[in-house]
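Using the UniProt record's numbering, the final residue of the sequence shown is 222, and nothing's skipped along the way. Down below is the structure, laid out as structure tokens.
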Amino acid sequence: MNVTPDPERLAIIAACMDSYDVGEADAEWPNNIISRFAAVHGDGTIARQGEAVAHEVDAAEVALCAALAMEAAGLMGEAGVGMGSEADDPFRPFSVPGGPAPAIDEALVRARFGGTLFPQATLTVEPLAEDTVWWREVLADGEGMDDAYFAPWRAMMDWFRRNPAFVATAFVRIGDAQALYELPEAAYPPGTVITGCCLPRLALGLTPKGSLTGLFGHVVRT
1 MNVTPDPERL
11 AIIAACMDSY
21 DVGEADAEWP
31 NNIISRFAAV
41 HGDGTIARQG
51 EAVAHEVDAA
61 EVALCAALAM
71 EAAGLMGEAG
81 VGMGSEADDP
91 FRPFSVPGGP
101 APAIDEALVR
111 ARFGGTLFPQ
121 ATLTVEPLAE
131 DTVWWREVLA
141 DGEGMDDAYF
151 APWRAMMDWF
161 RRNPAFVATA
171 FVRIGDAQAL
181 YELPEAAYPP
191 GTVITGCCLP
201 RLALGLTPKG
211 SLTGLFGHVV
221 RT
């Protein structure tokens, strides 16, 4: 199994790591939500560059997660993340391993990102359902559109909820544009100049062995 840094997996989260030439070269979060020094390994493990990582996930689990993530991505196709984004980037297949867990919650997501998330970024975990904050953002973005706009989203939600490979599912929003805008500069980590504007959005399933797998996208909110 490849457990060295994987540039293809890194590329999926790269927009949320980019400081866009803001801040000093040694700053971790000068203008970004995922650390500039994050690394993604071949099994999906996220850690800081150079950090020793124990890889205990078996090859069959990694292969299963890759297949599940690709299937989820196929349902969304090239549909943009939307949700108020100023860009039109699509979701991409995503998975990260770990030990068994009872549910998807904030602590689990932060841990699976290996401590690389901007510490002051809010993180919300909601059901893959329509009576939620994240779905209201989808609705607002698709206002005036016909049902075809929402069809991939509903197919994706149904796929996650019905999939026997998962013990739990959730939609995760990392970073709220208004909350980041209102964050006092005194609360910034060392090296932060402005808060990041590429905010991760994920649809995830949790496998019995503890892997998170599904979709990674981001919204751009300047």
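Note that beta-carbon positions come from the ideal geometry of N, C-alpha and C, so glycine has one too. These figures come from a predicted structure and were not determined experimentally.
Within the same chain, and ignoring the five residues on either side of Thr122 in sequence, the residues whose Cβ sits closer than 7 angstroms to its Cβ are Gly175, Asp176 and Ala179. Going by beta carbons, Ala101 and Gly210 fall inside the 8 angstroms limit. For Ile34, there is no enclosing alpha helix (DSSP H), as DSSP marks it with neither H nor E. Where Ala72 is concerned, the enclosing alpha helix (DSSP H) starts and stops at Ala59 to Met76.
Setting aside the 5 residues that flank it on each side, Arg112 is surrounded in the same chain by Val96, Gly98 and Leu212, each with a C-beta closer than 6 angstroms to its C-beta; the list follows chain order. With fewer than 16 other beta carbons inside 10 angstroms of its own, Met70 counts as exposed. Rounded to the nearest whole angstrom, the CA to CA distance from Ala63 to Gly77 is 21 angstroms. In its chain, beyond the 5 residues on either side, Val40 have a beta carbon closer than 6 angstroms to the beta carbon of Leu10. Where Ile46 is concerned, the enclosing beta strand (DSSP E) starts and stops at Ile46 to Arg48. A residue is called buried when at least 16 other Cβ atoms come within 10 angstroms of its Cβ; Asp43 meets this threshold and is buried.
Excluding residues up to 5 positions away in sequence, Trp29 and Ile33 lie with their Cβ nearer than 6 angstroms to the Cβ of Phe118 in the same chain. Taking C-beta atoms as the reference points, Gly144 and Ala27 fail to come closer than 8 angstroms. The beta carbons of Gly205 and Leu68 sit about 7 angstroms from each other, so the pair counts as a contact at 8 angstroms. DSSP places Glu126 within a strand segment (E or B) once states are collapsed to three.
Of the other Cβ atoms in all chains shown, 16 or more fall within 10 Å of the Cβ of Ala203; this residue is therefore buried.
In the structure shown, Cys197 adopts coil according to DSSP, grouped into three states.
Ala72 is not a Cβ neighbour of Met157, given a cutoff of 8 angstroms. If you draw a straight line from the Cα of Leu108 to the Cα of Arg154, it is about 25 angstroms long. Rounded to whole angstroms, the separation of the alpha carbons of Gly23 and Ser35 is 13 angstroms. Note on geometry: alpha-carbon atoms of Gly80 and Asp88 lie some 5 angstroms from one another. By the criterion of a C-beta distance shorter than 8 angstroms, Ala187 is surrounded in its chain by Gln120, once the five residues flanking it on both sides are discounted.
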